[in-house]
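Residue numbers for the sequence shown, in my numbering: 78 to 366. All remarks here apply to the structure that follows.
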Amino acid sequence: MNMLEKAFEKSKTLEKNKSTITEPEKTQNNDLSITETVEPKKAKLKNHQDIVKFDWDFLKSNGFIMVDDSHSRIAEEYRAIKRPLVTNAIGSRKSDIKNSNLILITSSVPGEGKTFTSINLAFSIAAEMDKKVLLIDADVAKPSIAKVLGIESKVGLIDFLETDTLQLSDIILQTEIPGLRIITAGKSHKFSTELLASDKMIALSKELSERYSDRIVIFDTPPLLATTQAEVLASQMGQVILVVAAEKTPQSYVLESTKKLQNCSDIVLGVLNKAQRTLNASYYGYGHY
Ligand SMILES: Nc1ncnc2c1ncn2[C@@H]1O[C@H](COP(=O)(O)OP(=O)(O)O)[C@@H](O)[C@H]1O
Ligand SMILES: [Mg+2]
78 MNMLEKAFEK
88 SKTLEKNKST
98 ITEPEKTQNN
108 DLSITETVEP
118 KKAKLKNHQD
128 IVKFDWDFLK
138 SNGFIMVDDS
148 HSRIAEEYRA
158 IKRPLVTNAI
168 GSRKSDIKNS
178 NLILITSSVP
188 GEGKTFTSIN
198 LAFSIAAEMD
208 KKVLLIDADV
218 AKPSIAKVLG
228 IESKVGLIDF
238 LETDTLQLSD
248 IILQTEIPGL
258 RIITAGKSHK
268 FSTELLASDK
278 MIALSKELSE
288 RYSDRIVIFD
298 TPPLLATTQA
308 EVLASQMGQV
318 ILVVAAEKTP
328 QSYVLESTKK
338 LQNCSDIVLG
348 VLNKAQRTLN
358 ASYYGYGHY
């Protein structure tokens, strides 16, 4: 049994033992859609060079990790999740994996926690003194990184992809975390999802893996079963994380997604998200596909 299967087994056991499970902290809604009700304070950028400041109270109340708190359970769990990714991306396994610094975060359907995982991973890695992270919102049909992080920026990935007038440096935002930079999705566009599979996007991925090989690039992308472009993008990435909402996503969806990813990337890891907590079980399962 591989680790992803073990994670499923664990999720089934949790289902069986529901009466003994302690209440999860904040994921009681039964649909998989976005549930942000309170908005973060907006970081309005006058100039592109302005530094993005985050609304830490909002992020904390929504369960995100705090970069200055390494002791919380969520920070600990993300430490375990990021370790193999970082080793593959810029550590000892770097040369074995093509485009190893490019990490794509996807899921089968919306609402499983792609954005939550992307932001937490980016925070967790960037909190390490010597690590540099670029977080890109490539879920262009349903962008939410700017919304969750309270960023009001004029240009982003879509603007870069659809015009020839912008340089990469024009769309990269600096943040108050020195190692973290962000590219938002930018303006919405009728064919935004199609642009993800465009030659320009493929060229951008190539540039990010070659010119920025010391930087870990995290792509928050559309769900796999909704569009074919996510698959095309996945084939450009060295590592792919499939986020699975525990006890919600039908197993057939996950199997279909793993099948789609099979030929896309060297490394595919599964993160079991939103699993209910027990005293002994970890919040997240982590599987190797
Ligand atoms: N492990 C988690 N703990 C707490 N809240 C979570 C967790 N995972 C996801 N959420 C919340 O669930 C909602 C959907 O997650 P999101 O990351 O937006 O999904 P996706 O990007 O896959 O559509 C968001 O409000 C998010 O903050
Ligand atoms: Mg999202």
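Every residue, glycine too, gets a C-beta built ideally from N, C-alpha and C. Values in this document were obtained by computation on a predicted structure and should not be read as measured data.
Item: Which parts of the stretch 264-292 are runs of the alpha helix (DSSP H), unbroken and 4 residues or longer, counting only runs that do not cross its ends?; Value: 269-272, 276-287
Item: As a quick exercise: from D276, Q316, T305, pick the residue whose alpha carbon is nearest that of V294.; Value: Q316
Item: Compute the Euclidean distance between the alpha carbons of L226 and N124, then round it to the nearest angstrom.; Value: 18 Å
Item: For I98, name the three-state secondary structure that DSSP assigns.; Value: Here I98 scores only 20 on pLDDT, less than 50, and its place in the model is too uncertain to base an answer on.
Item: Is the distance from the Cβ of D214 to the Cβ of D127 below 7 Å?; Value: no
Item: For T261, name the three-state secondary structure that DSSP assigns.; Value: coil
Item: In three-state terms, what does DSSP make of Q251?; Value: strand
Item: Among all the DSSP beta bridges, which residues are the ones paired with T183?; Value: L319
Item: Span of the beta strand (DSSP E) holding V348?; Value: 344-350
Item: Which class does N295 belong to by DSSP, given the choice of helix, strand or coil?; Value: Position check: residue 295 holds Ile in this sequence, whereas Asn was assumed. Three-state DSSP puts I295 in a strand.
Item: From what residue to what residue does the beta strand (DSSP E) around K130 run?; Value: It is not in any beta strand (DSSP E) - K130 carries neither H nor E in the DSSP assignment.
Item: Does K209 come out as helix, strand or coil in the three-state DSSP assignment?; Value: strand
Item: Just list the alpha helix (DSSP H) runs in the stretch 145-178, keeping only unbroken ones of 4 residues or longer that don't cross its boundaries, in chain order.; Value: 150-167
Item: N178 and I344 look like a contact to me (Cβ under 8 Å); what is the Cβ gap, rounded to whole Å?; Value: With a Cβ gap of about 12 Å, N178 and I344 do not count as contacting.
Item: Which one of P161, D134, L122 has the shortest CA to CA distance from V115?; Value: D134
Item: For T112, is the classification buried or exposed, using 16 other Cβ atoms within 10 angstroms of its Cβ as the cut-off for buried?; Value: Note that T112 scores a pLDDT of 48, beneath 50, so its modelled location is shaky; the value from the coordinates is reported in the next line. Its Cβ having fewer than 16 others within 10 Å, T112 is exposed.
Item: Give me the Cα-Cα distance between D276 and K336, rounded to the nearest whole angstrom.; Value: 24 Å
Item: Indicate, with yes or no, if ligand 1 has a heavy atom lying under 6 Å from the CB of K351.; Value: yes
Item: Report yes if the C-beta distance between L250 and V129 is below 7 Å; otherwise report no.; Value: yes
Item: Out of curiosity, what's the CA-to-CA distance linking V321 and G190?; Value: 8 Å
Item: Which residues in the same chain as N197 place their Cβ atom closer than 8 Å to its Cβ, once the five residues preceding and following it in sequence are excluded?; Value: F141, I142, I151, Y155
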